[in-house]
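One structure is given below, encoded as C-alpha cells.
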Amino acid sequence: QKEVEQDPGPLSVPEGAIVSLNCTYSNSAFQYFMWYRQYSRKGPELLMYTYSSGNKEDGRFTAQVDKSSKYISLFIRDSQPSDSATYLCAMSNGGATNKLIFGTGTLLAVQP
Amino acid sequence: GAVVSQHPSRVICKSGTSVKIECRSLDFQATTMFWYRQFPKQSLMLMATSNEGSKATYEQGVEKDKFLINHASLTLSTLTVTSAHPEDSSFYICSARDLAYTQYFGPGTRLTVL
C-alpha cells in the first residue's frame, strides 16, 4: 500500500463547475499537507499549505484536512479552463528532513 | 511568493558526457534543497536532499557517484549527471525549502541523452 493514494483521473468538468480533488494517506505522523498545481512540462506550483486538521480558503480554492479519516481535499470553485493541470497532494511529518511524500497527481481538464 | 530558478531548462547531450543543472533560490536563503526526477505522467521521485555545506543524502536506489550534488551556498545547489546514458533522460526538478519549511519548486530541466 502506498503512503499516499490519489486518483490519477483524468477528471473532465465544464467551465464553472466545482471541482473536488482528494487524497488519502496511511501515515498518522503526517502533520503538513500541501496541494501543488503542475502544468505540462513545468515545475509544481504551491497552491495551498495546511497544518494539521481544518479548512483553509484562498480565493477560489479551499483545502480541507481530516486527520481522523486520513483524508484531504482540494475544492476549486467556478473552475476555469486555465485550471486545467495536474494537481498533486503532498504531505510530511515536519521532521528535520521534511521530505514530502507526493500523491500520483490528478489530471484535471476544464472544458470551455 | 518565493522563486526558484533552474538552468538550463532543456539540455540534449551525447551518451557518456556529463551534464550540470543549477538550482537557485532567488529571493530567500535555503539551507536545504531537494532534487526530484519525474517520468512522463508520473509523480515526483525524490532523489536526494541537499544541505548547504554538507554532503547530500541520497534516497535508496539512487547512485551517488552518478548524480553528484553540491550545495555550496545558501542560494545554489547543483546536480551533475555523470557519464549520462539514454536511461537518464528525464525531467529533473529541484525545490528549495524556506525557513517556514515550505518547499518551492523550480521550473524543471528536461534532459535528453542521445
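Just so you know, the sequences run in chain order A and B.
Using this note's numbering, read the first sequence as starting at 92 and increasing by one per residue.
Using this note's numbering, read the second sequence as starting at 1001 and increasing by one per residue.
All C-beta atoms, glycine included, are put in the ideal place defined by N, C-alpha and C.
Taking Cβ positions only, does residue i come closer than 8 Å to chain A?
i	result
residue 1061 of chain B	no
residue 1043 of chain B	yes
residue 1046 of chain B	yes
residue 1103 of chain B	yes
residue 1053 of chain B	no
residue 1008 of chain B	no
residue 1021 of chain B	no
Quick one: measure Cβ to Cβ for residue i and residue j, integer angstroms, because I've assumed they're closer than 8 Å.
i	j	result
residue 176 of chain A	residue 128 of chain A	5 Å
residue 190 of chain A	residue 1046 of chain B	6 Å
residue 1030 of chain B	residue 1074 of chain B	6 Å
residue 185 of chain A	residue 122 of chain A	5 Å
Is residue i close to chain B? Criterion is C-beta to C-beta, closer than 8 Å.
i	result
residue 151 of chain A	no
residue 133 of chain A	yes
residue 189 of chain A	yes
residue 137 of chain A	yes
residue 107 of chain A	no
residue 178 of chain A	no
Can you list, in chain order, the residues of its chain with a C-beta nearer than 6 Å to that of residue i? Leave out the 5 residues immediately preceding and following it.
i	result
residue 113 of chain A	164
Going along chain E in order, which residues have a C-beta closer than 8 Å to the C-beta of residue i?
i	result
residue 162 of chain A	The displayed structure is made up of protein chains A and B, and chain E is not among them.
Taking 7 Å as the limit between beta carbons, can you name the residues of its chain near residue i, skipping five residues before and five after?
i	result
residue 1113 of chain B	1013, 1015, 1084, 1085, 1086, 1088, 1089
residue 168 of chain A	109, 151
How would you write the range of the beta strand (DSSP E) that residue i sits in, first residue to last?
i	result
residue 163 of chain A	162-167
By Cβ distance, which residues of its chain are closer than 8 Å to residue i, with the 5 residues on each side in sequence left out?
i	result
residue 1018 of chain B	1080, 1081, 1082, 1083, 1084
- Three or more C-beta pairs below 8 Å linking the stretch 1047-1055 of chain B and the stretch 1081-1090 of chain B: Judged by pairs of C-beta atoms under 8 Å, the stretch 1047-1055 of chain B does not touch the stretch 1081-1090 of chain B, as fewer than three such pairs exist.
- Okay, do the stretch 101-114 of chain A and the stretch 133-149 of chain A touch, 3+ Cβ pairs below 8 Å being the bar? The way I'd put it, the stretch 101-114 of chain A doesn't touch the stretch 133-149 of chain A; fewer than three beta-carbon pairs between them come closer than 8 Å.
- Message: Quick test of the definition: if touching needs 3 or more C-beta pairs under 8 Å, does the stretch 144-160 of chain A touch the stretch 1029-1042 of chain B?
- Response: no
- Are there three or more Cβ pairs, one per stretch, closer than 8 Å when the stretch 113-125 of chain A is compared with the stretch 150-170 of chain A? Between the stretch 113-125 of chain A and the stretch 150-170 of chain A there are three or more inter-stretch CB-CB distances shorter than 8 Å, so the stretches are counted as touching.
- Message: With a threshold of 8 Å, are at least 3 pairs of Cβ atoms found where one atom belongs to the stretch 193-203 of chain A and the other to the stretch 1056-1071 of chain B?
- Response: By the criterion of at least three beta-carbon pairs nearer than 8 Å, the stretch 193-203 of chain A is not in contact with the stretch 1056-1071 of chain B.
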